[in-house]
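Sequential numbering of the sequence shown, starting at 1, is according to the UniProt record's numbering. Glycine residues also receive a C-beta, built at the ideal position from the N, C-alpha and C atoms. Keep in mind that this is a model prediction, so the values were computed, not measured.
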Amino acid sequence: MGSLKPPRLYGVFTYPISDGDASADLTKDEPESKINVKCPLVDFRDQVFQSSSHGDYKAEAAFMKTHGFTAVKHVSAITDSNVFHDPPTVQSIYHPEVVELVKQVTGCKTVVVINSNCRGEISPHEPKVVIADSAQQIEEARHWPMMSPPLRAPHSDYAALGGRQAVRSEVPGLRAAAEAAGIIAREDAICGAAGVPVDERAGKKALEKDYNGHANGKLGPRYAAFSIWKPLKPVTRDPLALLPWSSVQQVGDLKTEYYDNRFLKNKMAWIKEYATVEVRPDAVERIGNGSSDANQLEWYYISDMQPDEVLFAKLFDTAGLGNGAAEEVGSFHASPDLGDAAYGDVRQSIEVRCMAFW
1 MGSLKPPRLY GVFTYPISDG DASADLTKDE PESKINVKCP LVDFRDQVFQ
51 SSSHGDYKAE AAFMKTHGFT AVKHVSAITD SNVFHDPPTV QSIYHPEVVE
101 LVKQVTGCKT VVVINSNCRG EISPHEPKVV IADSAQQIEE ARHWPMMSPP
151 LRAPHSDYAA LGGRQAVRSE VPGLRAAAEA AGIIAREDAI CGAAGVPVDE
201 RAGKKALEKD YNGHANGKLG PRYAAFSIWK PLKPVTRDPL ALLPWSSVQQ
251 VGDLKTEYYD NRFLKNKMAW IKEYATVEVR PDAVERIGNG SSDANQLEWY
301 YISDMQPDEV LFAKLFDTAG LGNGAAEEVG SFHASPDLGD AAYGDVRQSI
351 EVRCMAFW
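The following block contains the structure:
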């Protein structure tokens with residue numbers, strides 16, 4: 001007699017209910033109305049972790065190309081989870097580790113860390129709001145030890161426009177890396193020819209059309225943004241779940257919306273566009289009774305994730321822009337409520353946001 005398959009795991013996500021076209025108002029806030037949506041979870045553990053820590057990561061990179069995310073083995077030199085709450089240590093040890101890891105997995109030439117933060121229990125270091133008025137203070141604010149609960153709402157921290165805004169910002173190292181790779185010149189030339197601003201939404205169509213030549217294999221200078229997510233202890237509740245960006249376009253009751261977010265509240269602040277997955281207003285009843293295609297949307301996660309396992313959430317990738325792209329352009333992520341399947345301690349994690357240049 002064959003063994004019985006374990007019951008399928010589901011998670012509850014919190015989707016905003018769209019209240020109009022966010023693109024019509026650059027200062028529009030996310031909708032206040034929300035709905036809980038129960039979705040099936042797919043464990044992709046067996047499709048990754050083919051390489052040991054500091055291995056070749058070929059299988060993991062191939063998975064990310066088609067899905068917009070992956071997971072790899074990586075052993076950090078920091079072995080005490082409490083140390084990840086100490087900004088100087090994180091910046092001097094873990095940030096450089098992430099830089100090398102991203103290079104190994106993606107094959108890129110340059111990686112610039114933007115910031116990092118922790119989630120979970122209360123930090124032993126008292127959090128403070130940093131009002132950064134200089135490049136040095138922005139540098140010091142790159143790691144936030146403050147702790148916050150998992151986010152249930154599906155989102156991406158950067159859309160493609162957010163990337164263009166980022167490389168033109170005051171964050172140390174970003175613009176220099178983009179200029180060295182020829183990114184600034186190409187984006188400016190395309191938008192200049194179209195008569196549209198490069199760092200506003202009006203430039204989106206021109207760049208999607210002309211940045212890459214997928215038909216002849218001549219792609220524009222490549223860069224991408226990543227969220228590198230590491231648990232600080234085994235994950236038994238609130239896992240980070242991920243969804244290929246293109247999956248949302250296949251679900252009629254969902255839509256992708258874009259919003260502007262101010263990165264730091266200070267005179268050197270810059271705007272970056274991020275994206276959310278929202279429910280269309282006319283789909284609320286269908287989703288509520290479980291008859292919507294959105295209820296069957298499969299989210300990916302890693303079961304029983306360990307501290308030596310690291311998730312790559314690709315936020316956007318210029319190699320995925322335009323028709324005919326072979327690369328998934330990005331992904332969405334959120335932490336679902338597992339209900340009765342959850343057990344153990346509060347989840348603790350560190351997330352590093354960075355940008356890679358080829």
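{"query": "Using the three-state DSSP reduction, which class does A275 fall into: helix, strand or coil?", "result": "strand"}
{"query": "List the whole-angstrom C-beta distance separating S331 from A313, where the pair is believed to meet the contact cut-off of C-beta under 8 Å.", "result": "5 Å"}
{"query": "Under 9 Å, do L242 and W299 count as touching if we go by C-beta distance?", "result": "yes"}
{"query": "In terms of alpha-carbon separation, which member of C39, N36, T70 and G55 lies closest to R45?", "result": "T70"}
{"query": "Can you find the residues in the same chain that come closer than 7 Å, C-beta to C-beta, to D210, ignoring five residues on each side of it along the sequence?", "result": "I190"}
{"query": "Tell me which residue opens and which closes the beta strand (DSSP E) that D340 is part of.", "result": "Here D340 belongs to no beta strand (DSSP E), and DSSP marks it neither H nor E."}
{"query": "Can you grab the Cα-Cα spacing for the pair R347 / P234, in whole Å?", "result": "8 Å"}
{"query": "Determine the direct distance from the alpha carbon of V171 to that of V279, and round the result to whole angstroms.", "result": "34 Å"}
{"query": "In the structure shown, what three-state DSSP assignment does S349 receive?", "result": "strand"}
{"query": "Note down, in chain order, each residue of its chain lying with its Cβ closer than 6 Å to the Cβ of I302, except the 5 sequence neighbours on either side.", "result": "R45 and A71"}
{"query": "Would you tell me roughly how many angstroms separate the C-alpha atoms of P307 and A193, rounded to the nearest one?", "result": "48 Å"}
{"query": "Grouping DSSP H, G and I as helix and E and B as strand, with all else coil, what is T79?", "result": "coil"}
{"query": "Output yes or no for whether 9 Å exceeds the beta carbon distance between D293 and V251.", "result": "yes"}
{"query": "From what residue to what residue does the alpha helix (DSSP H) around I287 run?", "result": "V284 to G288"}
{"query": "Which residues does DSSP pair with T110 in a beta bridge?", "result": "F357"}
{"query": "Pull up the CB-CB distance for A112 and M305, whole angstroms please, since I reckon it's below 8 Å.", "result": "Looking at the sequence provided, one finds Val at residue 112 rather than Ala. About 26 Å; that fails the 8 Å criterion."}
{"query": "With a Cβ-Cβ cutoff of 9 Å, do I287 and D253 count as a contact?", "result": "yes"}
{"query": "Can you list, in chain order, the residues of its chain with a C-beta nearer than 7 Å to that of R164? Leave out the 5 residues immediately preceding and following it.", "result": "E187, V198 and D199"}
{"query": "Straight-line CA distance for E126 to H85?", "result": "In this predicted model, E126 has a pLDDT of only 43, less than 50, meaning its place in the structure is not dependable; the value taken from the coordinates is given anyway. Taking the straight line joining both Cα atoms gives about 10 Å."}
{"query": "Buried or exposed: which applies to S33, given that a residue is buried once 16 or more other Cβ atoms fall within 10 Å of its Cβ?", "result": "exposed"}
{"query": "Just checking V102 against the ligand PLP - is the residue's beta carbon closer than 8 Å to any of the ligand's heavy atoms?", "result": "Looking at this structure, you won't find the ligand PLP or any other ligand, since it has none at all."}
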